[in-house]
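Below is one structure, written out as structure tokens, with a few remarks after it.
Protein chains in written order, with the numbering used here: chain A, 1 to 444; chain B, 445 to 737.
Here it is as structure tokens:
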């Protein structure tokens, strides 16, 4: 079985919500749609207070190439445009919409039929994806159309679909694969057409055997050419772009380079589904599957949520918030962020809400480094986390840069594996930001 | 005997020869250094704090000598005394600089600003602020993890355990700007120390709307604009729901502070107010307290 070659850890999987059918959550009373809930330049609101909007209507125009459109996920009246707390922990400009009914734009095809044929040219497909405001739904929320437009001189050879879902607890992608395999496969063919290639690999971790079987069967029954399923050994962080490329096709992306350098384009499986909906059904990115989970959650499950729905509304569907909750994490336990309130809206990157019990939530007391090098063995990028932490603590930026601190993918394997509970990633993330600022200043 | 003599003679000759060569090399490759650099460096405080904007005291000394005049050159820890000495060495005149001091623009102690969550991560303001807004409802205020304390070379900032806010020691602070640069929330500011250390400033950095700010912190500036109206010198400006007192224009008349409904304007080192004023202020306070209860 294939996996990536350097580092990696194996946290407890705890996929409690696996196999739970996706439930559509009711509409909220008010949707809060942040204008910048993704990577890149914030979008510019094009509606004003008092405007009536429909589901799927463009409300935020993308503010540059690496930026994305924002659409209304509900129908109703724009109540206000104001700063609101989101998963980043800070207040950012958001559009508040008072929900009234559920009126969709006419051109959106809401029928469940599978539309296989796509007669659009690659450029038209990419434009449609950009217009639909699709960003990477795995968590990094990088605008999808940017990935599909390789820089001049570079060509894509293979499309890799990231169906790894290596984060413990989360099952939203897994469930989506079980329920919408045909749509996802058509999405893959559309992406292949957009990239002008005829080879795609779907990487699935071995703990999702049912999905692997189903996809193999559907590829045969739909008679799709050039798509191959790769069965991957369970290992964190296999869902990292560079790790997945290594695992799937055995190529290593050089330090500081993008996957296109080795001819690969990686797309998340949920993004692929969104691409299908956007291109074949004219439906912009207005909803996503969110996993609500945790050891003490009564009914963990997967929910189809309109973007902008406050997380509290989604949590209600999984039973009340457990009483012994010590920490609420937006996203998975490894890369998610703790949130201070459940009033924050579901954003394009919200893959899950994890409730940690009081006992699990606390950090252990930080002890001295015992030089066991577990973090060095665990780092999937081949870095030396303990050294990078020290460089950051003592602000030795030149050495941190030399030791490739900017290669860190912030997977958290080092902090997870450290027997002295040192906050390695906290420091490295800080140092990475500092060094990147220094590099940017130098290149100006 | 002759062995010893030979040894002494040979060593002496070799030694003298080497000394001669070294002397010649020394003469040939002599580096002419301005003797004033050392003199200037001797009067500088040798703290190497970087407050002047140059890499350490030696760098500052060189800059002083190279510059045509001492305009814009200032040693914050040394102050006017040191600059006078430097001017005397270089035969120039030192420009007068006003003494400044670091001021924390946040007054949200644990009582005033109740915690809404608990932070357990690494003890560093920079890390905490990269993760989220902070332990209270206010995302602008002090995190209290002490990055400023660590960065201060003069031992002038300490966290007060009662309020969990840093306090600046007026005697020790040299206005070197290190803490101002370090604070990730950018709430430390260098302000004029003022006569007898008297200062008035808005001790808040919250840019939220009044109601939101007040909800998260009882001493937050709510942007009501009363102080702006009260100020007769146009020293107070209001931007993003936050008042700011310009220390260049402020004449320390104290008219603004009693106007502030949330006591966000702090007066330092002033004598107590006159009887009449005090009663008025306390009356206002009593009224608001009864309203709240």
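Glycine residues also receive a C-beta, built at the ideal position from the N, C-alpha and C atoms.
Query                                                                                                                        : Result
CB contact check: residue 574 of chain B to chain A, cutoff 8 Å                                                              : yes
Chain A contacts made by the segment 664 to 691 of chain B, where a contact means CB separation under 7 Å                    : none
Interface positions of the segment 426 to 438 of chain A facing chain B (Cβ-Cβ less than 9 Å), listed along the chain        : 426, 427, 429, 430, 433, 434
Rounded separation between residue 526 of chain B and residue 592 of chain B - CA only                                       : 25 Å
CB contact check: residue 571 of chain B to chain A, cutoff 8 Å                                                              : yes
Residue 737 of chain B burial status per 10 Å Cβ neighbour count (16 or more: buried)                                        : For residue 737 of chain B, the pLDDT reaches just 46, beneath the cut-off of 50, and the residue's location in the model is therefore unreliable, although a value from the coordinates is still provided. Residue 737 of chain B should be labelled exposed.
Below-8 Å beta-carbon distance, residue 412 of chain A vs any chain B residue                                                : no
Expected contact under 8 Å - CB spacing of residue 421 of chain A and residue 9 of chain A to nearest Å                      : Not confirmed; about 15 Å, so no contact.
Of the residues A:145, A:431, A:78, A:183, the one placed nearest residue 52 of chain A, counting alpha carbons only         : A:78
Bounding residues of the beta strand (DSSP E) (the contiguous stretch that carries residue 205 of chain A)                   : 200 to 205
Interface flag, residue 737 of chain B vs chain A, CB-CB below 8 Å                                                           : Residue placement at residue 737 of chain B cannot be trusted, given a pLDDT of 46 that sits under 50; the coordinates are not used to answer.
Residue 181 of chain A in three-state terms, based on DSSP                                                                   : helix
The segment 69 to 101 of chain A: positions lying closer than 9 Å to chain B by Cβ                                           : 82, 83, 85, 88, 89, 90, 91
For residue 236 of chain A: DSSP bridge partner residues                                                                     : A:9
Beta bridge counterpart(s) of residue 61 of chain A as assigned by DSSP                                                      : A:44
Run of the alpha helix (DSSP H) containing residue 391 of chain A, from where it starts to where it stops                    : 385 to 393
Residue 737 of chain B - DSSP class collapsed to helix/strand/coil                                                           : Only weak support is given to the placement of residue 737 of chain B: the predicted model assigns it a pLDDT of 46, under 50, and the value that follows is read from those uncertain coordinates. Here residue 737 of chain B sits in coil by DSSP.
Option in B:522, B:578, B:446, B:465 with minimal Cα separation from residue 615 of chain B                                  : B:522
Within-8 Å CB hit, residue 376 of chain A to chain B                                                                         : no
Pair within 8 Å by beta-carbon distance, residue 11 of chain A and residue 168 of chain A                                    : yes
Anticipated Cβ contact below 8 Å, residue 67 of chain A with residue 143 of chain A, distance rounded                        : 7 Å
Residue 560 of chain B at chain A interface by Cβ criterion, 8 Å                                                             : yes
Rounded C-alpha distance that separates residue 375 of chain A from residue 357 of chain A                                   : 26 Å
The segment 333 to 347 of chain A: positions lying closer than 9 Å to chain B by Cβ                                          : 337, 338, 339, 340, 341
Residue 110 of chain A, buried or exposed, once every other Cβ within 10 Å from all chains shown has been counted against 16 : exposed
DSSP beta-bridge partners of residue 83 of chain A                                                                           : A:93
Three-way DSSP call (helix, strand, coil) for residue 738 of chain B in this model                                           : Chain B is shown from 445 up to 737; residue 738 of chain B falls before or after that span and cannot be answered.
Any chain B beta carbon closer than 8 Å to residue 168 of chain A                                                            : no
Buried or exposed (CB count within 10 angstroms, at least 16 for buried), residue 444 of chain A                             : exposed
Per DSSP, the bridge partner or partners of residue 510 of chain B                                                           : Answer is none; residue 510 of chain B lacks a bridge partner.
Helix, strand or coil at residue 170 of chain A according to DSSP, with G and I counted as helix                             : coil
Endpoints, the beta strand (DSSP E) within which residue 30 of chain A is located                                            : 30 to 34
For residue 606 of chain B, the three-state DSSP class (helix, strand or coil)                                               : coil
Pairwise C-alpha distance: residue 177 of chain A and residue 219 of chain A                                                 : 13 Å
Residue-level contact to chain A via CB, residue 565 of chain B, 8 Å cutoff                                                  : yes
C-beta atoms of residue 4 of chain A and residue 246 of chain A nearer than 8 Å                                              : yes
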